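**Q** In the working numbering, the protein residues as written are 18 to 262. C-beta: ideal position from N, C-alpha, C; glycine also. Computed from a prediction, not measured in an experiment: that's the story for all the values here.
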Amino acid sequence: MDKRVALITGAGRGIGAKIALTLAKENTDIAIVDYSDESAAKETLEALAQTGVTARYYKCDVSDFNAVKTVVDQIVKDFGKIDILVNNAGITADKLILRMEESDWDRVLDINLKGCFNMIKHVTPYMMRKRYGRIVSISSVVGMMGNAGQANYAASKAGIIGLTKTVAKEFGPRNITANAVAPGFIKTAMTDALTDEQKQAMYKQIPLGCLGETQDIANAVKFLVSDDARYITGVVLKVDGGMYI
Ligand code: NAP
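Pasting the structure below:
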């Protein structure tokens with residue numbers, strides 16, 4: 018197969034960086050779209066350079082509709098096409114609803130959910146022309162379970178599931194698939210900071226008895242964008258050690 022091009026949001030660090038490295042090892046050129054300055058993604062870009070693919074960094078706020086159009090057009094100019102879109106950028110602003118400000122709600126929904134819409138809106142015209150596209154959006158089991166203190170986050174992640182199923186129906190006839198991956202608790206800087214007591218409480222909720230690794234999420238994305246998944250669209254793949262069954 019020709020070398021493919023993947024646009025991955027929030028790939029400067031964390032889960033997105035692992036997805037970028039994993040797809041790069043599959044001979045895929047990488048366009049990272051991230052919020053901070055490029056220097057924040059230095060380690061990721063250095064690791065990508067080792068894989069021999071072309072990787073470029075684009076600074077953009079995914080919640081800004083017009084900025085996303087500009088960056089998507091620029092990526093197509095630079096790479097010639099976009100075969101794969103991974104909507105991974107996401108934030109939290111956790112508070113009980115009693116204390117949640119309107120701004121907490123708006124910012125989380127704007128980045129986590131509208132950010133996915135913005136990307137899909139501007140990337141799909143290019144995919145349609147090529148009659149090929151693979152879209153994966155990172156949801157969360159919290160979007161299916163709900164979670165006290167995360168009304169904004171859970172709503173945004175549930176919204177991603179409805180969006181994904183709709184995109185699968187609208188764009189299936191153009192050979193564009195859309196799927197979601199729903200991680201459970203994944204080992205990141207955030208979970209490393211928890212106390213042993215908090216970790217033990219977490220493990221009790223997970224039948225497999227441990228946290229997931231960023232590689233577990235990247236493997237799921239790798240599968241969903243591969244030819245092996247060509248007949249899979251509109252699914253939500255939980256990668257959560259059985260946390261939500
Ligand atoms: P992370 O380490 O906090 O990374 C999030 C990335 O998104 C960062 O690169 C960040 O950029 C970027 N980002 C934030 N706001 C942005 C914006 N407005 N425009 C563009 N990029 C933006 O998060 P993570 O733990 O890797 O999580 C990745 C995804 O998985 C998120 O959607 C998250 O909700 C989901 N998830 C994570 C877990 C978990 O256990 N970690 C569980 C379920 C779901 P900057 O570095 O510039 O801030």
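Sorted by chain position, which residues of the same chain lie with C-beta nearer than 7 angstroms to Val85's C-beta, five sequence neighbours on each side aside?
**A** Cβ within range, chain order: Cys77, Val79, Asn135, Met136 and His139.
**Q** Leaving out the 5 sequence neighbours to the left and right, which residues in its chain are closer than 7 angstroms to Lys221 when beta-carbon positions are compared?
**A** Once the five neighbours on either side are set aside, Lys221 has no close Cβ partner at all.
**Q** What residues in its chain sit with their C-beta under 6 angstroms from that of Val253, if we drop five residues either side in the sequence?
**A** So the list reads Ile178, Ala197 and Ala199, once near-sequence residues are dropped.
**Q** So what does Ala16 bridge to, in DSSP terms?
**A** Outside the displayed range of the chain (18 to 262) lies residue 16, so it cannot be described from this structure.
**Q** Per DSSP, what kind of secondary structure is Thr194 in: helix, strand or coil?
**A** Thr194: strand per DSSP, three-state reduction.
**Q** Can you name the start and end residues of the alpha helix (DSSP H) that Asn135 belongs to?
**A** Its alpha helix (DSSP H) spans residues Gly132 to Lys147.
**Q** Just to confirm, does Phe202 get its C-beta within under 7 angstroms of one of the non-hydrogen atoms of ligand 1?
**A** For ligand 1, at least one heavy atom lies less than 7 angstroms from the Cβ of Phe202.
**Q** I'd like the list of long-range same chain contacts for Thr109, defined as Cβ closer than 6 angstroms, with 5 residues on each side in sequence excluded.
**A** Tyr170.
**Q** Closest to Asn30 by CA distance: which of Tyr52, Asp46 and Pro190 is it?
**A** Checking the sequence shown, residue 30 turns out to be Arg, not Asn. It is Tyr52 whose Cα lies nearest to the Cα of Arg30.
**Q** So, for Thr61: in the same chain, excluding its five sequence neighbours on each side, which residues have a beta-carbon less than 6 angstroms away from its beta-carbon?
**A** If we look at Thr61 and ignore the five residues flanking it on each side, its Cβ neighbours are Gly29 and Ala34.
**Q** How is Ala165 classed by DSSP in three states: helix, strand or coil?
**A** Correct three-state label for Ala165: coil.
**Q** Is any non-hydrogen atom of ligand 1 found closer than 7 angstroms to the C-beta of Tyr261, if you look at the structure I gave you?
**A** Result no, Cβ not under 7 angstroms from ligand 1.
**Q** Sort Asn104, Arg151, Ile234 and Leu126 by Cα distance to Arg21 and report the nearest one.
**A** The shortest C-alpha separation from Arg21 is found at Arg151.
**Q** In the DSSP assignment, find the unbroken alpha helix (DSSP H) run with Arg124 in it and report its ends.
**A** First-last of the alpha helix (DSSP H) with Arg124: Glu119 to Leu126.
**Q** Would you give the residue range spanned by the beta strand (DSSP E) that Asn129 belongs to?
**A** Asn129 -> no beta strand (DSSP E), and no H or E assigned at all.
**Q** Alpha carbon to alpha carbon, what distance is there between Ser120 and Gly166?
**A** Looking at the two C-alpha atoms, the distance is approximately 15 angstroms.
**Q** Does the pairing of the segment 146-164 with the segment 204-221 give three or more beta-carbon distances under 8 angstroms?
**A** Too few Cβ pairs lie closer than 8 angstroms, so no.
**Q** Keeping to the same chain, check which residues put their C-beta closer than 7 angstroms to that of Cys133; ignore five residues upstream and five downstream.
**A** So the list reads Asn104, Ser154, Ile177 and Leu180, once near-sequence residues are dropped.
**Q** Looking only at C-alpha atoms, which of Ser56, Asn129, Thr141 and Val70 sits nearest to Ala185?
**A** If we check each option's Cα against that of Ala185, Thr141 comes out closest.
**Q** What are the boundary residues of the beta strand (DSSP E) that Ile155 is part of?
**A** Ile155 -> beta strand (DSSP E) spans Gly150 to Ile155.
**Q** Could you check whether the Cβ of Asp51 sits closer than 7 angstroms to any heavy atom belonging to ligand 1?
**A** Correct: Asp51 has its Cβ closer than 7 angstroms to ligand 1.
**Q** On the criterion of 16 or more Cβ atoms from any shown chain inside 10 Å, does Phe82 qualify as buried, or is it exposed?
**A** When all chains shown are included, Phe82 counts as exposed.
**Q** At 4 residues or longer, what runs of the alpha helix (DSSP H) sit wholly inside the segment 195-250?
**A** The segment 195-250 contains these whole alpha helix (DSSP H) runs: 206-209, 213-221 and 231-241.
**Q** Can you round the beta-carbon distance between Lys182 and Asn129 to whole angstroms, since I take them to be within the 8 angstroms contact cut?
**A** Not a contact, Cβ separation roughly 17 angstroms.
**Q** For a quick check, are the C-beta atoms of Leu65 and Ala41 less than 8 angstroms apart?
**A** Cβ atoms of Leu65 and Ala41: closer than 8 angstroms.
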